[in-house]
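Below: the structure, in structure tokens.
In the numbering used here, the protein residues as written are 31 to 161.
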């Protein structure tokens with residue numbers, strides 16, 4: 031990570047580092063090889079795909095607000111690219127977790143919905159099957 035941080039950020043001594051993790055649904059998992067994603071990335075973002083189709087999108091910036099914006103913008107771009115464009119996204123609903131490097135024990139839960147549109151929405155609690 032140290033090589034990825036700019037000299038200006040090193041001088042400030044503070045870097046907001048967020049990681050957004052989610053597992054791709056099967057329809058999208060088949061489209062992405064495991065490893066570092068070589069598609070276009072926003073400056074200060076990195077995308078890694080695990081063997082089990084778990085995606086980890088990391089963003090780091092001197093501003094916590096900007097790091098959050100980067101991680102969600104990169105998530106949107108990644109899903110659209112993997113799905114073959116906005117109209118190519120399959121209908122799916124899956125969960126993600128946003129964690130901050132300074133507090134890895136705490137996370138925010140998000141629901142991702144794809145299909146006719148792409149939606150990433152913060153959720154109060156994880157969904158549960160009731161029937």
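Just so you know, even glycine gets a beta-carbon here, dropped at the ideal spot from N, CA and C.
The model shown is predicted, which means the values in this text are computed figures rather than measured ones.
Roughly how many angstroms separate the alpha carbons of residue i and residue j, rounded to a whole number?
i           : j           : result
residue 48  : residue 66  : 17 Å
residue 135 : residue 126 : 15 Å
residue 101 : residue 89  : 5 Å
residue 57  : residue 107 : 17 Å
residue 77  : residue 130 : 16 Å
residue 144 : residue 85  : 16 Å
residue 72  : residue 104 : 6 Å
residue 132 : residue 119 : 34 Å
residue 111 : residue 150 : 16 Å
Whose CA, out of the options, lies closest to the CA of residue i?
i           : options           : result
residue 146 : 114, 91, 61       : 114
residue 79  : 154, 116, 62      : 62
residue 99  : 50, 153, 154      : 50
residue 64  : 54, 71, 72        : 54
residue 154 : 138, 148, 72      : 138
residue 82  : 60, 152, 131, 121 : 60
residue 92  : 76, 110, 151, 46  : 46
Along the chain, where does the alpha helix (DSSP H) that runs through residue i open and close?
i           : result
residue 152 : Not the alpha helix (DSSP H): residue 152 falls in the beta strand (DSSP E), residues 149–152.
residue 112 : 94–112
residue 89  : No alpha helix (DSSP H) contains residue 89, which is instead part of the beta strand (DSSP E) from 84–91.
residue 56  : 56–59
Buried or exposed for residue i, please, with buried defined as at least 16 other CB atoms from any protein chain shown within 10 angstroms of its CB.
i           : result
residue 74  : buried
residue 69  : exposed
residue 33  : In this predicted model, residue 33 has a pLDDT of only 43, less than 50, meaning its place in the structure is not dependable enough to derive any value.
residue 128 : buried
residue 40  : For residue 40, the predicted model reports a pLDDT of 41, less than 50, meaning its position is unreliable; a value from the coordinates is still stated below. It is exposed - the Cβ of residue 40 has fewer than 16 other Cβ atoms within 10 Å.
For the beta strand (DSSP E) containing residue i, name the first residue and the last one.
i           : result
residue 77  : 75–79
residue 128 : 122–130
I'd like to know whether the C-beta of residue i is nearer than 8 Å to at least one C-beta of chain B.
i          : result
residue 69 : Here there is only one protein chain, and chain B is not present.
What I want to know is whether the C-beta of residue i ends up closer than 7 Å to one or more non-hydrogen atoms of the ligand MG.
i           : result
residue 111 : This structure lacks the ligand MG; in fact it carries no ligand of any kind.
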